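Reading through the structure tokens given below for one structure.
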Amino acid sequence: MSLSNHIPILIIAIPLLAAFLVPLINRINKKAAGILTALALSVSLILTIALAVKILTVGPQVYVFGAASPSLTLPSGLKFPIRIMLQIDAMSIFMGLITAVVSFLGAIYSLSFTKQYDGVDKYYSLLLLLTVGMFGMEFTGDIFNFFVFLEIASIASVALISFRGIDFGEPAEAGFKYMIVSSISALMVLFAIGIFYGQYDLLNFAALASVIKYSQLDKIALGLLIPVLAMKAGAVPMHMWTPDAYSEAPAPITMILVAASQASLYALFRVVFSLYNISLNALTVGWIIIVFGLLSMFIGVTMAIVQKDIKRLMAYHAVSQTGYMFLGVGVGLAVLANPEALKNYGITAMEGGIFHIMNHAMYKGLLFLTAGALFFRTGTRDLNKMGGLAHYMKYTTIFFIIGAAAIAGLPPFNGFASKLLIYESVYRFNPLLSIMAMVVSILTLASFVKVFHSAFLGPKLPQFKEVKETPRSMLFAMAVLSCIIIFFGLFPDLIVKNLVHPAVMSLIEQLQYTGTVLGGM
Amino acid sequence: MGTLLIILYIFLGIGVFFNCLGSIGLLRFPDVYTRLHAATKATTFGSIFTSLAVIVYGFSRWNISGDSKFRVLALHTIVALVCLIITNPTGAHAIARAAHRSGVMPKQAVIDELKEAKLK
Amino acid sequence: MKKIIFGIAFIIFFSFLIVSAINMRTFGEPTISEMDDYFIENAQSETGANNVVTSIVFDYRGFDTLGEATVLFTAVVGVVALFRGVKK
Amino acid sequence: MSSIVEIIHISTLVIMIIASFLAVVFKKLLPSIVALSVASLLLSLEFYLLHAPDVAIAEAAIGAGLTMAIFIFAIRGTR
Amino acid sequence: MIDFIVTFLLSMLTYLILTASQGEVWGLWSLFEIITGIFLSLVVAFIANKVLFQKRTYRMFNPFRWVIFLIYLIGPFFWAMAKANIDVAYRVITGKINPGIVKISTGLKTDLGITLLADSITLTPGTLSVDIDEKNNDLYIHWINVTTLKPTTYHICANFPQWIRRIAE
Amino acid sequence: MIGNLPYVAVVIFIGLGIYTLMFKRNLIKIAIGICLIENGVNLFLITLGYRKGAIAPIYTQAPSGQIMVLPTPQALTLTSIVIGIATTALILSVAMMIYKHYGTLDTDQVRRLRG
Amino acid sequence: MKEMSRIVKTVTNFVYGFIIIFGFYIIAHGHLTPGGGFQGGAVVGSAFALLLVSYGSLNSKKFLKEDIFSLFEGFGLILFIVLGFSGLGITFFYNFLANSGGWFGDTAVIGVNPGDMNTGGVIPLMNIAVGLEVLSAFGVIVLTMARGAEFTKKKEKS
Amino acid sequence: MLGLLETGSGFWSAIIWVLLVLVIGSMVIYIRNKGEDSYKKNTEQDKPFISGNPEENKESSHLSANHIYWGFTEALKGYYNPLIKIHTGNINDYSGWIIVITVIILIMVGVSG
Amino acid sequence: MNEFFKIFIIPGGLLLLFMFLSLIRLILGPTVPDRVVALDTINTLVVAGMILVGAAYEEVIYIDVAIVYALLSYIGTLYVAKYLEGGPKE
């Protein structure tokens, strides 16, 4: 049995082991914690890439825990799986790649960024656990296991958000709010799991998907699952935790939190597409998701314009950009029952939405990192107090421009490519939606012009005389993200063809998903 | 078998009766200390008797059938009983002391030497 | 105003939950129990443990347990990190 | 015979619901925590009656000892 | 060292009581069980010996004291407890009370003695130990039926102190 | 006779918890609400696994020859209980920290982050 | 936190050891009787809470060391995950000891039996690992929160 | 061709766009260079003309973030006031909104069948 | 269900009835110590009831739960008492 069969579990288990080791290592050597974290996450990144290559060439992969063989899903001729399994198809590995890249860069960035804190070993341990939680949410094929990893991710997020809580009150407040909303969502997910279990006596996603009947109770379970998962992803009007949490967390954590909320988004898509698929009333649910998207886009961006805290402003933009994903995928869902329209524009819209997830993680991460760099050097997040920083932090300025251009959808950066896909396909579904999306894009540009003007432009201010360029590891992380953005912007077709399209198809085709577990169907 | 049943009835009857008294006393008495009298004494005594019934039952069934699980039942019940006897009066003492220190004075008290002593 | 909206929403939510409770399968009579019957029959021979629940917790669903222990670890690290500067 | 068991179930549930209702409506925190403890105790008894001794032990250990302890610490720290 | 061994033996005894079911050792325990028990008891002894023997008093090692303790438990203590419950029953039904908190000096010095006395008092008629003066070991007793304002020890707890002095001091 | 009463009790638990979250204005009360919802969901899972006239799924010294209740929900509930205590501990610690900086637990005053 | 009265402390001295041995019994017999790592760990953790409450946080420092707790927490989890890894020849979490005849490898009697300690494969080992983790985790939580309560409460005016 | 992204109703290629920008940019620069040649450096023509007023000090000319888009927010007051009012930052409202949305979705999913 | 089932389950039910009485004290209790006394009483009753029910079902292993509860309810009581000792506030 070669080790390559065990890659899925190694991706999760190695950061987990490192997370347990970090506090012990810290007793021996104070500096080893960060290096160990970066090492573990780089191993995880390499393994994820290897797994991605394997999955995209061979097909979906299953890993069954404790069975006599990693691919033995159904023991002794049963009709249903009894063990927990990881089930990784193109969509999972797409999200997994985002997670791996973002958390690795976050760890690199943290090497310098955490110099201001004490108790660094706990910070790194929590960062690793957050990564593990996200990987688990994305890879798992078992609904209760999903709940467990959701809890890991949210508890680790809360601990990281309130990490500065000993010195300031606001981080503790943000952490409290996030904890409450995520507990509610986790408990509702658990209640829905109970409903599923009560009806079908199954806990596996694929096995559930093959027997689900869309009865009264299934409807209630769906009605509980959609809002709580959308809330974790930050949809309006349940977005209020987002600006609090994003703005008070340390900058690299904010970047990873973006990816974490997208893991919930992934779970929402998984529930809607793979679990229910055609059995649900696709038009209604599709429109619900579209309305979420519209509200998120519009309210997010208009609230962003009036903010004066730089990270809070970006957090509202995160809400707004999440709206695009909802819009794209919602259109795809609304025409799911209609093969003609699905082929014509539905798949393209979903490609746009899914591609936007990756783009969003990249450029929003870059923007939060630049904001963190500003905070690291100036000690303030208030835009009113900033100014003229371009004189001191040239590289940061360049990275900020790249990020801002990408989020505003200026060609040739990656934001434009995915937004273009969304505009053109959504226009054929409903022109009004497309126009709204364009307006939002313009407003996004406007608010980033504001940030750029007030933070970077202007004369040298006397209070920032001591400000220097950011340390090297932080610059490295930002540079990697910028390179990814430019590469995606220049060659979007490569990504769409090789990564996004298989992901979309794995979402749409339910039979393939269930067939991976239950065998030839 | 008949003797066993009679013993069980007697023990359970006593136990339930005193537990009942404890609950009623908890309702009827006027202040914390007197309620503690009722609650601690009566319920401990009652629980001892219900547990004794189980112990007697376990040992006699073990004698009759020789099945080791009834011996385990009796032994574990003895352990539970010992725990109950140790912890109950101590808990009552802790509550009484805490009540007095938190300013709950006994009602209709003829004498209160503790208040005069002012221990801290 | 907001309180009234929330109150109405709460009542409707509650009634939906009641509906789901009533529509649930009858108490004490599970209709489908294939997976659990498999566990009850085979757990003892496959894992050698008398306690079926433990054999599920640590064998069939061991990964859940790893996650659960991790949750506890995470919470502990979080609490310690929150009070990290506090000296006695 | 089984109706006795059902009556026990019902009354356990009723006591539990009353206790948790009290935990919500009490104004002061300490009485609500005491009521929460009673609810958790009865929940443990209900698990016991539903033939889940594993869970009953866990709920007893956590609900009686530890939840109480950390709640008391919390209200001590916020006095 | 001696407290380690004693803690070990005590925990081993508890473990054996808890696990007695079937096996090759005297028909009660299996060999593996005993080995596990020894191992676990060693751990417990390591953790708990400092707590159990803080004062380093080894008075209770005399088995004679344990015999007296058992006699005390079954004889006067149980009888007093039964009386206490009759008393409580009487007061619950009639509602006649005349309470007060009185002080008694017991003359006991050891921790174990004072604890035994306080718990016995709590479980015996009409009395409940409320507080303790840590300096001179005076007990403050809530007495449900105050007959005299200056009670002697005998009023409250009969001849328990003598018994306990024989057990614990 | 008993019908679906346990499920209704579960729903009442969850409803009480949600009510606490929505209308009570003390942070520790909110933590109590979360505890109540957890209790409700745990009871729900265990109730799903109950089978009338069955015994616990443990073979050690059990009365022989009877059916057993479903074991899976018990395993799930075990997990969820421990997760619940972890969540509660973290919530309470954060609430204590909020009190340190704000001097109050009232939700109307714990809102420096708004807008 | 101040200490409680002498009676409570004396009872605690006895009950403390008893709770711990009982918790260990629950952990070690997890595969036979109700219980297991979590339950036993929680019971032992409660014992630490008991010691803390009756001796106060200053006096209990002699007996409860937070450093050792956090060490054992990490150690327990690493043991657990290593047990998972050691099945990696076949799959993660494979129960490679069950029915193998060695330690914990006895074949269980099918059906109702009085229980044999020497069965269960890696399950007893996992119980011990999880128990170690949980008991030290609860110890750390209780100690840290006690410290935090002293830190966050308002200073008395005296 | 590399970088050709099919969007269903057209295509998008960043490479072509970059090339186009380069071409147009060079044309613009070329045209600009052929412009007015009476311009001289370091004369009056160099200075900005602000309605005849003297130029402000550079230190104080930085516009702080609060004032950017003042007119925009002022004009949309009817939209912004209730929106900001909703963001109370109160934890009860957070959970309340979740329940409200859950109820709406439950009703929609339930009614539509 | 043997002949002893009824003998043990009926006292168990009665103990539950007494719990109702204690619950009334929990509702009425004017001070916190009153409520703690009610909690303590319910604890004792539940332990006794658990032993009875365990005997009724002939499930030996159930008694462990009662032992755990008997031991740990004491801790909860001590915690509340400790808090009350802190002073007359609250």
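Protein chains in written order, with the UniProt record's numbering: chain A, 1 to 521; chain B, 1 to 120; chain C, 1 to 88; chain D, 1 to 79; chain E, 1 to 169; chain F, 1 to 115; chain G, 1 to 158; chain H, 1 to 113; chain I, 1 to 90.
Backbone N, C-alpha and C fix where the C-beta goes; we use that ideal spot for every residue, glycine too.
Since the structure is predicted, the reported quantities are computational estimates derived from the model, not experimental observations.
As assigned by DSSP and simplified to three states, the class of residue i
i	result
S41(E)	helix
N113(G)	strand
Q87(A)	strand
T516(A)	helix
E340(A)	helix
E90(I)	Because the pLDDT of E90(I) is 39, which lies under 50, any placement of that residue in the model is unreliable, and the question is left without a value.
D34(I)	helix
S158(G)	Interpretation of S158(G) is limited by its pLDDT of 48, a score under 50 that renders its predicted location unreliable; the figure taken from the coordinates is listed afterwards. Note: S158(G) maps to coil in three-state DSSP.
M188(A)	helix
M521(A)	Since pLDDT at M521(A) reaches only 47, below the 50 mark, its modelled position is unreliable, and no value is offered.
M68(F)	strand
W17(H)	helix
T470(A)	coil
W26(E)	coil
Q262(A)	helix
Limits of the alpha helix (DSSP H) - the one that residue i falls within
i	result
Q74(F)	T72 to Y102
L4(B)	G2 to R28
K103(E)	Careful: K103(E) lies outside any alpha helix (DSSP H), inside the beta strand (DSSP E) at G100 to S105.
Q39(G)	G37 to N59
Q162(E)	F160 to A168
Unbroken beta strand (DSSP E) run spanning residue i, endpoints
i	result
F11(H)	F11 to S13
residue 175(E)	Beyond the ends of chain E as shown, which are 1 and 169, falls residue 175(E); an answer cannot be given.
D131(E)	T127 to I132
L4(H)	L4 to E6
Candidates the options: closest to residue i by CA position
i	options	result
E138(A)	P70(A), S261(A) and N498(A)	S261(A)
I485(A)	A263(A), F355(A), L16(A) and V272(A)	F355(A)
G126(E)	V102(E), S30(E), A20(E) and T106(E)	V102(E)
F53(E)	I5(E), L116(E), T94(E) and T19(E)	I5(E)
S183(A)	T72(F), T79(F) and A31(F)	A31(F)
K62(G)	V67(E), F61(E) and A48(E)	A48(E)
G100(E)	T147(E), R65(E), D133(E) and T122(E)	T147(E)
A108(G)	Q44(C), I12(C) and V80(C)	Q44(C)
H93(B)	I121(E), M1(E) and F64(E)	I121(E)
L77(G)	A13(A), Y200(A) and I108(A)	A13(A)
For this session: Count the C-beta pairs between the region 30-39 of chain E and the region 37-56 of chain G that are closer than 8 Å, then say yes if the count reaches three, no if not.
Result: no
Exercise. If you measure beta-carbon to beta-carbon, which residues of the region 9-25 of chain C are closer than 8 Å to chain K?
Worked result: Included in the structure are the protein chains A, B, C, D, E, F, G, H and I, with no chain K among them.
For this session: Could you tell me whether the region 357-373 of chain A touches the region 270-287 of chain A, using the rule of 3 or more Cβ pairs below 8 Å?
Result: no
Exercise. So, do the region 52-72 of chain F and the region 106-126 of chain G have three or more beta carbon pairs nearer to each other than 8 Å?
Worked result: yes
Exercise. Would you say the region 379-395 of chain A touches the region 456-472 of chain A, given that touching needs at least three Cβ pairs under 8 Å?
Worked result: yes
Problem set entry | Contact residues within the region 120-132 of chain A, judged by C-beta distance below 7 Å to chain G | none
For this session: Select from the region 50-75 of chain I all residues with a C-beta closer than 8 Å to any C-beta belonging to chain G, and list them in chain order.
Result: I61, Y62, D64, V65, I67, V68, L71, L72, Y74 and I75
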